[in-house]
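See below for the structure under consideration.
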Amino acid sequence: MKYILVTGGVISGIGKGIIASSIGTILKSCGLRVTAIKIDPYINIDAGTFSPYEHGEVFVLNDGGEVDLDLGNYERFLDINLYKDNNITTGKIYQHVINKERHGDYLGKTVQVVPHITDAVQEWVMNQAKVPVDDDKKEPQICVIELGGTIGDIEGMPFIEAFRQFQFKAKRENFCNIHVSLVPQPNATGEQKTKPTQNSVRALRGLGLSPDLIVCRSAKPIEMAVKEKISMFCHVEPEQVIFIHDVSSTYRVPILLEEQGIIKYFKQRLNLPIDDQPSDLLMKWKKMACRYERLLKVCSIALVGKYTKLSDCYASVFKALEHSALAINYKLDLMVIDMPEHNPGDMGGTMRLGKRRTVFKTENSVLRKLYGDEMFVEERHRHRYEVNPELTHCFEEKGLKFVGHDTEGNRMEIIELENHPYFVGVQFHPEFSSRPMKPSPPYLGLLLAATGTLNAYLQRGCKLSPSRGHIWHSIASAIGRIQTYDLKEM
Numbered sequence: 016m017k018y019i020l021v022t023g024g025v026i027s028g029i030g031k032g033i034i035a036s037s038i039g040t041i042l043k044s045c046g047l048r049v050t051a052i053k054i055d056p057y058i059n060i061d062a063g064t065f066s067p068y069e070h071g072e073v074f075v076l077n078d079g080g081e082v083d084l085d086l087g088n089y090e091r092f093l094d095i096n097l098y099k100d101n102n103i104t105t106g107k108i109y110q111h112v113i114n115k116e117r118h119g120d121y122l123g124k125t126v127q128v129v130p131h132i133t134d135a136v137q138e139w140v141m142n143q144a145k146v147p148v149d150d151d152k153k154e155p156q157i158c159v160i161e162l163g164g165t166i167g168d169i170e171g172m173p174f175i176e177a178f179r180q181f182q183f184k185a186k187r188e189n190f191c192n193i194h195v196s197l198v199p200q201p202n203a204t205g206e207q208k209t210k211p212t213q214n215s216v217r218a219l220r221g222l223g224l225s226p227d228l229i230v231c232r233s234a235k236p237i238e239m240a241v242k243e244k245i246s247m248f249c250h251v252e253p254e255q256v257i258f259i260h261d262v263s264s265t266y267r268v269p270i271l272l273e274e275q276g277i278i279k280y281f282k283q284r285l286n287l288p289i290d291d292q293p294s295d296l297l298m299k300w301k302k303m304a305c306r307y308e309r310l311l312k313v314c315s316i317a318l319v320g321k322y323t324k325l326s327d328c329y330a331s332v333f334k335a336l337e338h339s340a341l342a343i344n345y346k347l348d349l350m351v352i353d354m355p356e357h358n359p360g361d362m363g364g365t366m367r368l369g370k371r372r373t374v375f376k377t378e379n380s381v382l383r384k385l386y387g388d389e390m391f392v393e394e395r396h397r398h399r400y401e402v403n404p405e406l407t408h409c410f411e412e413k414g415l416k417f418v419g420h421d422t423e424g425n426r427m428e429i430i431e432l433e434n435h436p437y438f439v440g441v442q443f444h445p446e447f448s449s450r451p452m453k454p455s456p457p458y459l460g461l462l463l464a465a466t467g468t469l470n471a472y473l474q475r476g477c478k479l480s481p482s483r484g485h486i487w488h489s490i491a492s493a494i495g496r497i498q499t500y501d502l503k504e505m
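Here the sequence shown stands for residues 16 to 505, where the numbers follow the numbering used here.
Right, dumping it as structure tokens:
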């Protein structure tokens with residue numbers, strides 16, 4: 016097993032999640048099986064009780080785990096299905112250690128941060144890294160670990176110490192540290208400053224970790240002189256300094272990393288039996304990114320919500336709409352409309368979490384056709400309210416049809432309005448399962464209806480027209496041709 020630790024410095028929210036996801040995408044395109052772990056140093060057990068204003072969207076996994084939105088990035092980029100234990104928090108670790116202490120597992124010893132907390136972190140990472148996340152259920156070969164927060168945060172110190180010890184346990188050829196830092200450019204001088212990165216790397220080294228790669232984030236492309244300066248003062252080779260400037264689409268981040276020789280570096284640093292040249296999948300990813308930037312036709316969609324002040328609150332919805340728009344060659348124009356909470360005192364309670372099965376009651380359903388005429392679908396749930404089944408007939412008499420329900424037939428899952436271009440409501444969250452190369456059917460249907468092409472799409476048997484479907488067929492073919500490697504002997 017190979018481990019890649021991604022840390023951050025200077026400021027939080029610098030893009031560690033996208034960079035970690037992009038690194039995983041590149042390695043997966045080389046034929047390796049990749050998993051991901053996100054470490055959040057907060058004391059909460061999970062993200063389930065967070066206010067969206069505090070931490071953005073709560074992402075729901077198949078097993079019902081309520082986790083950080085970065086795990087959504089991992090799933091979308093890598094096309095994998097993670098579990099709640101792929102999100103480690105300080106609260107989970109302390110709860111685990113305290114439970115062991117209560118059971119007498121420590122044999123009366125004084126329980127301390129070192130070694131008990133740090134050992135628990137290492138044990139958790141090693142165990143979870145082996146859990147299959149692909150459809151083939153094979154053990155992963157690479158584990159990308161993102162440590163939330165910034166170097167120097169008091170909350171993250173136990174995790175830094177855990178990985179300081181872990182790098183020797185895993186051995187150098189199996190452990191790599193990538194440090195993401197900021198290169199600001201003050202308007203007053205217009206000069207790109209390297210001092211924050213120097214200080215961040217110095218702080219990281221002082222805690223016992225030396226970066227193998229320094230990824231420098233900036234608003235504009237960084238000059239070569241800045242790269243040489245960072246290389247000299249941070250004691251790394253120039254090829255170990257990677258630049259990622261702001262781009263129009265996150266789809267371009269894997270391309271920027273690949274263009275700077277990251278595949279060749281990982282091949283040498285981690286002794287990986289992979290080719291230096293990008294695979295067909297990465298080439299198709301490049302075409303997808305270029306195509307995204309060249310789209311001319313615009314489709315306008317209105318999003319009505321109550322957490323509209325922070326874009327991360329609906330991150331998965333934004334992405335699902337974007338995936339669907341790209342699939343039909345349209346650029347998404349999203350108009351956000353604020354809808355304040357009318358009944359803030361009624362907090363309710365979460366009833367259903369995780370992936371559940373929804374059974375279609377009838378063949379006469381637009382959503383059933385969009386799902387490929389399947390008898391049932393499995394989507395992720397996270398909701399507090401539901402329809403009273405005793406009153407469904409009142410709605411259906413007026414044309415609002417309940418076309419899907421749960422396996423017991425008690426909970427209404429899908430509604431559709433007769434004689435409407437596309438009036439669909441669901442209890443589940445299809446946006447959590449949307450992927451750049453596999454857009455969510457309900458969202459795809461919305462975009463098709465908005466562009467006036469839904470009926471033609473359904474008449475073709477839910478197939479995109481040749482001009483629109485070409486790249487998706489090419490990408491699917493590329494996935495099927497990826498060569499896989501066996502790292503058991505490494």
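Glycine included, every Cβ here is placed at the ideal spot set by N, Cα and C.
Please read these numbers as outputs of a predicted model, since none were measured by experiment.
CB LYS153 to CB ASN102, shorter than 7 Å? no
Buried or exposed: which applies to CYS305, given that a residue is buried once 16 or more other Cβ atoms fall within 10 Å of its Cβ? exposed
Segment limits, alpha helix (DSSP H) that includes LEU219: 210 to 221
Beta-carbon gap between GLY467 and TYR437 smaller than 7 Å: Not in contact: GLY467 and TYR437 (Cβ atoms no closer than 7 Å).
Please classify ALA51 as buried or exposed, where buried requires at least 16 other C-beta atoms within 10 Å of its C-beta. buried
Short of 6 Å in beta carbon distance, which residues of its chain neighbour ARG371, apart from the five on each side in sequence? Order them along the chain. HIS396
Hey, out of PRO253, ILE270, GLY106, ILE289, whose CA is closest to GLU243's CA? Minimum Cα distance to GLU243 is reached at PRO253.
For the candidate residues MET16, LEU287, ASP100, whose alpha-carbon lies nearest to that of PHE181? MET16
Quick one: grab the DSSP three-state call for THR105. helix
Return the residue from the list ILE270, LYS208, ILE193, SER233 that minimises the CA-CA distance to VAL251. ILE193
Please report the distance separating the alpha-carbon of GLU69 from that of GLY171. Cα to Cα, GLU69 sits roughly 19 Å from GLY171.
So VAL25 and SER196 are supposed to be a Cβ contact under 8 Å. How far apart are they, rounded? Taking C-beta atoms under 8 Å as the contact rule, VAL25 and SER196 qualify, at a distance of about 5 Å.
Assigned secondary structure, TYR18 (DSSP; H/G/I helix, E/B strand, else coil): strand
Are the stretch 268 to 279 and the stretch 235 to 242 touching, with three or more C-beta to C-beta distances below 8 Å? no
How is ASP501 classed by DSSP in three states: helix, strand or coil? Here ASP501 scores only 46 on pLDDT, less than 50, and its place in the model should not be relied on; the value that follows carries that caveat. Three-state DSSP puts ASP501 in coil, outside helix and strand.
Let's see if you can read the secondary structure: which residues bound the beta strand (DSSP E) around ASN2? Given a span of 16 to 505 for the chain in the structure shown, any question on residue 2 remains unanswerable.
Is THR50 helix, strand or coil when you go by DSSP? strand
Evaluate contact between the stretch 295 to 315 and the stretch 335 to 354, counting only Cβ atoms and requiring at least three cross-stretch pairs below 8 Å. yes
Around the Cβ of PRO404, are there at least 16 other Cβ atoms within 10 angstroms (buried) or fewer (exposed)? exposed
Cα-Cα separation between ASN202 and SER233, rounded to whole angstroms: 13 Å
Report the rounded CA-to-CA distance for ARG475 versus MET303, giving the unit in angstroms. 24 Å
Spatial neighbours of ALA335 in its chain, beta-carbon cut-off 8 Å, leaving aside the 5 residues before and after: PRO445, GLU446, SER449, PRO454, SER455, TYR458
Nearest-angstrom Cα separation, counted from GLU188 out to MET298: Straight through space, the alpha carbons of GLU188 and MET298 are spaced by roughly 28 Å.
Of all the beta strand (DSSP E) runs that stay within the bounds of the stretch 245 to 273, which reach a length of 3 or more residues? 256 to 260
Do you know offhand how far ARG383's Cα is from GLY80's? 27 Å
Measuring CB atoms only, is the stretch 88 to 105 touching the stretch 375 to 393, in the sense that at least three cross pairs come out at less than 8 Å? no
Can you round the beta-carbon distance between PHE74 and ASP83 to whole angstroms, since I take them to be within the 8 Å contact cut? That pair is a contact at about 7 Å.
List the whole-angstrom C-beta distance separating ILE38 from LYS107, where the pair is believed to meet the contact cut-off of C-beta under 8 Å. Their Cβ separation, rounded to whole angstroms, is 24 Å, which puts ILE38 and LYS107 out of contact at 8 Å.
What's the gap between the Cα of HIS260 and the Cα of PRO199? 11 Å
C-alpha distance - HIS420 paired with GLU378, whole-angstrom precision: 13 Å
State yes or no: is the C-beta of VAL319 within less than 7 Å of the C-beta of ILE352? yes
Under 8 Å by Cβ, that's how I've got GLY164 and ALA330 pegged, so tell me the actual separation to the nearest angstrom. That belief does not hold up - the Cβ atoms of GLY164 and ALA330 are roughly 19 Å apart, past 8 Å.
Where MET442 and THR407 are concerned, what is the direct C-alpha to C-alpha distance, given to the nearest angstrom? The residue you asked about is not Met; residue 442 is Gln in the sequence shown. For GLN442 and THR407, the distance between alpha carbons rounds to 15 Å.
Can you tell me the Cβ-Cβ gap for ILE245 and ILE257, rounded? I've got them flagged as a contact below 8 Å. That belief does not hold up - the Cβ atoms of ILE245 and ILE257 are roughly 10 Å apart, past 8 Å.
Considering only the beta carbon of each residue, do LEU349 and ILE316 sit closer than 7 Å? yes
Using the beta-carbon count (16 or more within 10 Å), is LYS186 buried or exposed? exposed
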